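Asks:
Number of protein chains: 2
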Amino acid sequence: MSDFVGEMTGLLRRTPELLRTLLVGLPESWTDTTDVPANGWRPHDVVGHLITGELTDWIDRTERILESGTTVPFDKFDRFAHADRDAGATLDELVEHFARLRAENLARLEELITEGDLDRRGMHPSLGEVTLRELLATWAVHDLDHVSQIFAGMAGSHDAEVGPWKVYLGILLRRDDPSAVAG
Amino acid sequence: MSDFVGEMTGLLRRTPELLRTLLVGLPESWTDTTDVPANGWRPHDVVGHLITGELTDWIDRTERILESGTTVPFDKFDRFAHADRDAGATLDELVEHFARLRAENLARLEELITEGDLDRRGMHPSLGEVTLRELLATWAVHDLDHVSQIFAGMAGSHDAEVGPWKVYLGILLRRDDPSAVAG
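Read top to bottom, the protein sequences are chains A and B.
Under my numbering, the residue at position 119 of the first sequence is numbered 119, and the numbers go up by one with no gaps.
Under my numbering, the residue at position 96 of the second sequence is numbered 96, and the numbers go up by one with no gaps.
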């Protein structure tokens, strides 16, 4: 039997240390810019959103699949819950809060499921039937998606300082035009 | 006087540990996919490209600015030098090679320059006049750009496993269509 659960948790357990390495102690000049200029998220917002996932999404939905299958849809995910909740926290505090929650949730996941549960199904309120396997893959790829967003904001914070090299830096060009291709 | 050099090196010195945290020991199922389906780079290629920068670009160009100003253009950067050079190395070996080179180069940079040198100018072979300040900012943003590319490849490796959630995952949608917007 393959170890799909281990493959996913092997990535998920890296994210807290990754965020620490990237962000803790970094000056605000690197962390106070949004990933895209209009309606974007600063790293503070992104880590807050990752915290919301740990608080209300991934484990809750795993439990819902195990307890109710497709008969009770998942609760909706509030993509803006962080805005008020985390307004008073520093970025470093959020990273540590996320790290604690992630560790607790991975320990909880190990108690909850085995490989044999991966084909069990649940009901997403918008997307319809999904499997536990898809939920776990999404948890991991969601980390990658949002950490990338942090990188885009950090790059954007120094957009004005790279001078003519900007034409080679896709991470900056895409902030202005998503379809831009670096020279 | 602001500490622009410290701001850049403060980011640059994080990248080796970031790559270790992300990649070392990770199974190939996460690392054997390119950032975009056509002509993309696997994490192995990206780390190789970062190594090329340490070997032939950033410090060489800093020295050229200090020694020759705008009178001698920089040597061209070979964006595909890694392909043959690193074909026999494992990803973990490349990460450690990069880490050694980056540490050496940051030590060398500290010997070479001070804040007072930042407005000194050099000649890029395609882009024309650039400043040392722009070179340093580009070095840092280039890290962010290429580490993001690693994230895109890692996400892509599990594109088929997230099921219907893909519509919410911009990092996957953009691999197929750069202008795609997540739902």
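C-beta: ideal position from N, C-alpha, C; glycine also.
Just so we're clear, the structure is a prediction, and the values are computed from it rather than from any experiment.
With 8 Å as the threshold, decide whether the Cβ of B:GLY116 is near any Cβ in chain A.
Replies: For B:GLY116, the answer is no, since every Cβ of chain A falls outside 8 Å of its Cβ.
Asks: Return the CA-CA distance between A:GLU111 and B:LYS76, expressed in angstroms with no decimal places.
Replies: For A:GLU111 and B:LYS76, the distance between alpha carbons rounds to 55 Å.
Asks: Taking three-plus beta-carbon pairs below 8 Å as touching, is the stretch 34-54 of chain B in contact with the stretch 78-88 of chain B?
Replies: Counting Cβ pairs under 8 Å, three or more are found: they touch.
Asks: At least one CB of chain B closer than 8 Å to the CB of A:ALA38: is that the case?
Replies: It does not: the Cβ of A:ALA38 has no partner Cβ on chain B nearer than 8 Å.
Asks: From the DSSP output, in three-state form, read off B:ARG108 for me.
Replies: In the structure shown, B:ARG108 sits in a helix (DSSP, three-state: H, G or I).
Asks: Mapping the DSSP letters down to three states, classify A:VAL48 as helix, strand or coil.
Replies: Looking at the sequence shown, residue 48 of chain A is not Val but Gly. In this structure, A:GLY48 counts as helix in the three-state DSSP scheme.
Asks: Report, in whole angstroms, the separation of the C-beta atoms of A:PHE98 and B:SER148, which I expect to be a contact under 8 Å.
Replies: About 20 Å separates the two Cβ atoms, so there is no contact after all.
Asks: Under the three-state reduction of DSSP, which class applies to A:GLY128: helix, strand or coil?
Replies: Strand.
Asks: Could you pull out every residue in the same chain whose Cβ sits closer than 8 Å to the Cβ of A:ARG133, ignoring the five residues on either side in sequence?
Replies: Around A:ARG133: PHE4, LEU118, ASP119.
Asks: Just to confirm my understanding: we take A:TRP58, look at its own chain, exclude 5 residues before and 5 after, and list those with CB closer than 6 Å. What are they?
Replies: Taken in chain order, the residues that qualify are TRP139.
Asks: If you measure from the beta carbon of A:LEU18 to each beta carbon in chain B, is any gap under 8 Å?
Replies: Yes, A:LEU18 counts as interfacial toward chain B.
Asks: What is the DSSP secondary structure of B:GLY183, counted as helix, strand or coil?
Replies: B:GLY183 falls in the coil class under three-state DSSP.
Asks: Hey, out of A:ARG108, A:ASN39, A:ALA89, A:TRP41, whose CA is closest to A:ARG61's CA?
Replies: It is A:ARG108.
Asks: If distances are taken between C-alpha atoms only, which option among A:LEU11, A:ARG42, A:GLY10 comes closest to A:GLY153?
Replies: Checked all of A:LEU11, A:ARG42, A:GLY10; the closest Cα to A:GLY153 is A:ARG42.
Asks: Establish whether the CB of B:ALA87 and some CB of chain A are separated by less than 8 Å.
Replies: Answer no: the Cβ-Cβ gap between B:ALA87 and chain A never drops below 8 Å.
Asks: Taking contact to mean 3 or more Cβ pairs, one atom from each stretch, closer than 8 Å, check whether the stretch 19-37 of chain A and the stretch 157-167 of chain A are in contact.
Replies: The stretch 19-37 of chain A is in contact with the stretch 157-167 of chain A.
Asks: Can you tell me which residues form a DSSP beta bridge with B:MET8?
Replies: Paired residues: none, contrary to the question.
Asks: Which residue or residues does DSSP assign as beta-bridge partners of B:MET123?
Replies: Answer by DSSP bridge pairing, in chain order: B:GLU129.
Asks: What does B:TRP30 reach in chain A if we use C-beta pairs closer than 7 Å?
Replies: What B:TRP30 touches in chain A: LEU11.
Asks: What three-state label does DSSP hand B:PHE77 in the structure shown?
Replies: In the structure shown, B:PHE77 sits in coil (DSSP, three-state: anything other than H, G, I, E or B).
Asks: Taking the alpha-carbon of A:VAL47 as reference, which of A:ASP176, A:ALA182, A:LEU19, A:ARG121 has the nearest alpha-carbon?
Replies: The residue with the shortest Cα to Cα distance from A:VAL47 is A:LEU19.
Asks: Who are the neighbours of A:MET154 on chain B, taking C-beta pairs under 7 Å?
Replies: Within chain B, the residues near A:MET154 are LEU144.
Asks: Considering only the beta carbon of each residue, do B:PRO164 and A:LEU127 sit closer than 8 Å?
Replies: Yes, the pair counts as a contact, with Cβ atoms nearer than the cut-off.
Asks: On a Cα-Cα basis, can you pick out the residue from A:PRO73, A:GLY183, A:LEU55, A:THR71 that is closest to A:ARG85?
Replies: That would be A:LEU55, whose Cα lies nearest to the Cα of A:ARG85.
Asks: Given a cut-off of 8 Å on the beta-carbon distance, is the pair A:LEU210 and B:ARG14 in contact?
Replies: In the structure as shown, chain A starts at 1 and stops at 183, and residue 210 of chain A therefore has no counterpart that could be examined.
Asks: Measure the CB-CB distance between A:GLY6 and A:ILE65 and report whether it falls below 8 Å.
Replies: Taking 8 Å as the Cβ cut-off, A:GLY6 and A:ILE65 do not qualify as a contacting pair.
Asks: Alpha carbon to alpha carbon, how far is B:VAL72 from B:THR131?
Replies: Roughly 14 Å separates the two Cα atoms.
Asks: What is the C-beta distance between A:ASP143 and B:GLY170, in whole angstroms, given that I count them as a contact (C-beta under 8 Å)?
Replies: A:ASP143 to B:GLY170, Cβ: 13 Å. No contact.
Asks: Can you give me the Cβ contacts of B:MET8 inside the same chain, cut-off strictly under 8 Å, excluding the 5 residues immediately before and after it?
Replies: Hits under 8 Å: LEU136, ALA137, TRP139, ALA140.
Asks: Let's test the definition: count the other Cβ atoms within 10 Å of the Cβ of A:ASP45 and tell me whether it reaches 16, buried, or not, exposed.
Replies: A:ASP45 comes out buried.
Asks: For B:VAL167, which residues in the same chain have their Cβ closer than 6 Å to its Cβ, ignoring the five residues on either side in sequence?
Replies: Counting only Cβ-Cβ distances below 6 Å, and skipping sequence neighbours, we find GLY183.
Asks: Within this structure, are the beta carbons of A:PRO178 and B:SER68 separated by less than 8 Å?
Replies: No, they are not a contact pair.
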